[in-house]
Amino acid sequence: MNPRKDLITIDALSDEDIRTILDSTSAMKDIFTKSVKKVPALKGKSVLTLFYEPSTRTRSSFEVAANRLSADVTTFTVSTSSVVKGESVHDTIDTLMSMKMDYIIVRHKNSGIPAVIARHCKASVINAGDGSHAHPSQAFLDAFTIREKYGDVAGRRVVIIGDILHSRVARSTSTILRRLGAEVAYMGPSPLVPPTAHTGIPRFTNWNQIFDWKPDIIYLLRVQNERIDTPFFPAADYHQAFGVTEERLRRIDDLNLSIMHPGPVNRGVEICDDAMEYRNCLINNQVENGIAARMSILYHLTPQTQSHD
Amino acid sequence: MTNTYITNATWALTGEKMDLRMGQAGDELATIFLNDIPLQGVNAISPAGEMQIPTGARVIDAEGQLFMPALFDMHASINLAGRSKRESIYRAGQAANHGGVWGMLVMPSSGFVFDNAATLDSFQDAVSQRSFATMIPAGCISENMQGEQQAPYNTLAARGISILSDAGKMPSNLLMLHRAMKYAAEMGLTFAIRGDVPVLTDKTYMHPSTTSYNLGLHGTPACAEEIGIETLIRLARDAGAKLHLQTVSTAEGVNIIRRAKASGMKGLTAEVALHHLLYTHENVGDYDTTFKTVPPLREQTDCDALLAGVKDGTIDCIVTDHTPCMPFAKKQDFVSAPQGMVALDNFLPCIYTHLISTGKLTWADVCRVCCTNPVHIANPYDQEEDVPMNAPLMLFAPEVHHKVTPDSLYCGTLNTPLLETVLSGAVTLPLY
């Protein structure tokens, strides 16, 4: 693949970029089975995780990935409350530039922030989730998990269920899956599912329509209460109307469908307890593959910080 | 002293070539009208070649140039954050001059809170010392533009205020607004407000569309503006107040205003910002903050409906909605960046390039919506001379093509999508 500095969105990648990163995700995963789970690919490189939003899973996943590639990892925690309103991210960028970081992994509540950082610094910037915009590393691990399970993403049908409006996962994962030849549909409470005219993705409103559509994978999203100030729908309805209930799980089992979820899971809301133990529940595979996918992403990006080597 | 003569100038409305004799101190002040348009400062006019020009007189040969009244902008904010008020006023005046604008209605802003006599006095002082253009302040509707308590309208009116606005913001307290309208109607004041339901547009950043979905930005529903417009019309009708609807951006908004005007409602006027006629949500592209505006840039069908509204008289004015933003602020992410564009520089060249030379509007339309209508609504009045003010004459060279560069802008900031584009037409001689 051509040298690429940043990973901000899936849209910005070529088909070759996507294929290359997915292909080497398998190679990265092979390392996990070795007794020494570390390769020297990024030895001497410095990786910074810059999270303006709380996250345990994604940040640890990136940190483990960077460690397994032998990079030095620094964690820069920015409490959201300390970010003064109106303060620009540019001041932070200047600080980071002085630290001579090679890779900056950033998460922020505002859509578009990683692109601003990427434009103004030489380090490779990886978007670890910005507002409702994009979460490309999640997209890679999802695509890889489906490919691992089914051999190929092309021809698979995936329905993404939940709060599509606020979901960067829905946007990035649907984009990569469609680029790889899968069909994607959305389902959720109407105020939380943008119209097909805006998304280009069919929109269902109930489970009967989903089962009629004959999906292969049920992809559940978490209801993101922290992004919602005025309720979009009566929360008490969610499990019965849109969740994987025990009854629906039996149907899913009969049809041999897979269940995926980007985590963290709200048991009893989008998913019942039993579904977590379901034989085709791929949630733990996603977590494991997340590390491999992020190793592959780090490995393939080219920071512009080495010009004087 | 002799009069100045302008020869071979083309009357913008009809294309006829004319010779003009400009008045000078001591001349009779009878205003000459052409196609019902008053020509300020002209004291004789005749077909080209027919005017007697005394030898030694100052003659400007305006071959290939149009003459028309200069423009009045009903909606400008001139506060340059982080700069002095004097500089803000000076720069905006220069930019206006550059764009063919002789006068403007200046919105209150954080730098100029026109809710008291002292601020108005100091502003008017600064304008008289520093400005190239006439600047008429709009008084605040509410104290500190907070939407809670009425500003002292009587005091403001005594300082020459005829338009009230909280910089477009619609007060959410409709009881306050209804009472304000009833009270101010007695004084003949006009309320300039943008239709909005703040609770529906809070934390939204652009038009709901494919672009907003792709960028993960929350959409500003058109219905919020339309409910706001309908609400304002009903309040104003009930209170008997004059209402000027600011920066209408949706097709249905135009329809609501058209119906209200057709029903015979008096004192109702409306404006559209130039950018809402020229751009859509697609221009936002990959988070281009230059195109972040409030209300947001919408669909092509909205642009078309707004233009139709301008043509049929539903929309009375095209305005700049001039909003300077420092480069630093616009370089932030789309959510954090401030809204607005600057448009005083190049206002007429932009209208000429994109609307007149493309056949979408005629010079007569532009004269109506940028010269006569806004002057009629804002009713600028010279307090010292005790006379109504009118537009001075202007010469415009349509065949001059120029690239918009940072150095060519006078307004002091660069937040305009016209940068690096080529425009046709230049204001060659503002005669004020």
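Listed in order, the protein sequences are those of chains U and A. Under our numbering, residues 3 to 311 are what the first sequence spells out, in order. Under our numbering, residues 11 to 442 are what the second sequence spells out, in order. Heads up, the beta-carbon is just placed ideally off N, CA and C, and yes, glycines get one too.
DSSP bridge partner residues for residue i (one or two, in chain order)
i: residue 110/U; result: 132/U
i: residue 6/U; result: 303/U
i: residue 253/A; result: 201/A, 278/A
i: residue 54/A; result: 31/A
i: residue 127/U; result: 106/U
i: residue 159/U; result: 185/U
i: residue 413/A; result: 432/A
i: residue 392/A; result: 397/A
i: residue 17/A; result: 71/A
i: residue 99/U; result: Note: residue 99/U sits in no beta bridge, so no partner.
i: residue 440/A; result: 404/A
i: residue 221/U; result: 162/U, 262/U
i: residue 229/A; result: 216/A
i: residue 495/A; result: As displayed, chain A neither begins before 11 nor continues past 442, which places residue 495/A out of reach and without an answer.
i: residue 44/A; result: 47/A
i: residue 329/A; result: 283/A
i: residue 351/A; result: 332/A
i: residue 246/U; result: 273/U
Pair within 9 Å by beta-carbon distance, residue i and residue j
i: residue 243/A; j: residue 261/A; result: no
i: residue 218/U; j: residue 260/U; result: yes
i: residue 92/A; j: residue 351/A; result: no
i: residue 184/U; j: residue 220/U; result: no
i: residue 257/U; j: residue 280/U; result: no
i: residue 142/U; j: residue 296/U; result: yes
i: residue 107/U; j: residue 66/U; result: no
i: residue 129/A; j: residue 390/A; result: no
i: residue 125/U; j: residue 104/U; result: yes
i: residue 165/A; j: residue 207/A; result: no
i: residue 148/A; j: residue 187/A; result: no
i: residue 174/U; j: residue 23/U; result: no
i: residue 136/U; j: residue 162/U; result: no
i: residue 51/U; j: residue 298/U; result: no
i: residue 150/U; j: residue 111/U; result: no
i: residue 140/U; j: residue 160/U; result: no
i: residue 78/A; j: residue 365/A; result: no
i: residue 420/A; j: residue 105/A; result: yes
i: residue 270/U; j: residue 224/U; result: no
i: residue 299/A; j: residue 343/A; result: yes
Any non-hydrogen atom of the ligand FMN within 8 Å of residue i CB
i: residue 278/U; result: As far as ligands go, the structure on display features none, and thus does not contain the ligand FMN.
(message) For the segment 109-121 of chain U, list every residue whose C-beta sits within 7 Å of some C-beta in chain A, in sequence order.
(response) 112, 113, 114, 115, 117, 118
(request) Check each residue of the segment 143-170 of chain U: if its Cβ is closer than 7 Å to any Cβ of chain A, include it; give the result in chain order. (result) 170
(request) Return the chain-ordered ranges of every beta strand (DSSP E) run that is complete within the segment 254-292 of chain U and spans a minimum of 3 residues. (result) 260-262
(message) Please list, in chain order, the residues of the segment 198-213 of chain A that have any C-beta partner in chain U closer than 7 Å.
(response) none
(message) For the structure I just gave you, are there three or more beta carbon pairs, one from the segment 33-43 of chain U and one from the segment 17-37 of chain A, closer than 8 Å?
(response) no
(message) So, does the segment 303-321 of chain A touch the segment 209-222 of chain A, judging by three or more C-beta pairs under 8 Å?
(response) yes
(request) Closer than 9 Å, Cβ to Cβ, to anything on chain U: give me those residues from the segment 215-231 of chain A, in chain order. (result) 215, 218, 219, 220, 221, 222, 223, 224, 225, 226, 227, 228, 229
(request) Kindly confirm or deny that the segment 76-96 of chain A and the segment 322-336 of chain A touch, where touching means at least three C-beta pairs closer than 8 Å. (result) yes
(message) Restricting to runs no shorter than 4 residues, where is the alpha helix (DSSP H) found entirely within the segment 145-189 of chain A?
(response) 163-168
(message) Going residue by residue through the segment 165-218 of chain U, where are the continuous beta strand (DSSP E) segments of at least 3 residues, counting only ones entirely within it?
(response) 185-189
(request) Mind checking the segment 314-341 of chain A against chain U and listing, in chain order, the residues whose C-beta falls within less than 9 Å of any C-beta there? (result) 338, 339, 341
(request) Mind the definition here: the segment 43-60 of chain A touches the segment 90-101 of chain A only if three or more C-beta pairs lie below 8 Å; say whether that holds. (result) No: fewer than three Cβ pairs fall under 8 Å.
(request) Could you tell me which uninterrupted beta strand (DSSP E) segments, each at least 3 residues in length, are contained entirely in the segment 267-292 of chain A, listed from first to last along the chain? (result) 278-283
(message) As an exercise, report each continuous beta strand (DSSP E) stretch of at least 3 residues that is fully enclosed by the segment 63-142 of chain A, in chain order.
(response) Runs found: 68-71, 76-79, 81-86, 111-116.
(message) Count Cβ pairs between the segment 154-164 of chain U and the segment 119-133 of chain U that sit closer than 8 Å; are there 3 or more?
(response) no
(request) Note down, in chain order, all residues in the segment 14-38 of chain U with a beta-carbon under 7 Å from any beta-carbon belonging to chain A. (result) none
(message) Along the segment 194-219 of chain U, where does the CB come closer than 7 Å to a CB of chain A? Name the residues.
(response) Result list: 196, 200, 201.
(message) Does the segment 106-126 of chain A come into contact with the segment 346-362 of chain A, if we say contact requires no fewer than three beta-carbon pairs (one atom in each stretch) closer than 8 Å?
(response) yes
(message) Against chain U, which members of the segment 68-98 of chain A pass a CB distance test of less than 7 Å?
(response) So the list is empty, because no residue satisfies the distance condition.
(request) Kindly provide the ranges of any beta strand (DSSP E) runs that are 3 or more residues long and lie completely inside the segment 42-95 of chain U, ordered along the chain. (result) 48-53, 74-79
(request) Spell out a yes or no on whether the segment 71-78 of chain U and the segment 43-60 of chain U are touching, meaning 3 or more CB-CB pairs, one atom from each, closer than 8 Å. (result) A contact between stretches requires three or more CB pairs, one per stretch, nearer than 8 Å, and the segment 71-78 of chain U meets this requirement with the segment 43-60 of chain U.
(request) For the segment 277-288 of chain A and the segment 248-263 of chain A, state whether three or more C-beta atom pairs, one from each stretch, are separated by less than 8 Å. (result) yes
(message) At a CB distance below 8 Å, what residues from the segment 295-316 of chain A approach chain U? Give them in sequence order.
(response) 296, 297
(request) For the segment 242-251 of chain U and the segment 195-204 of chain U, state whether three or more C-beta atom pairs, one from each stretch, are separated by less than 8 Å. (result) no
(request) Below 8 Å between beta carbons is the criterion; list the residues of the segment 343-366 of chain A that meet it against any residue of chain U, in chain order. (result) 343, 344, 345, 346
(request) Closer than 9 Å, Cβ to Cβ, to anything on chain A: give me those residues from the segment 127-138 of chain U, in chain order. (result) 132, 133, 134, 135, 136
(message) Along the segment 169-194 of chain U, where does the CB come closer than 8 Å to a CB of chain A? Name the residues.
(response) From the segment 169-194 of chain U, only 170, 173 have a Cβ closer than 8 Å to chain A.
(request) Mind the definition here: the segment 120-127 of chain A touches the segment 150-165 of chain A only if three or more C-beta pairs lie below 8 Å; say whether that holds. (result) With the cut-off at 8 Å, the segment 120-127 of chain A and the segment 150-165 of chain A touch.
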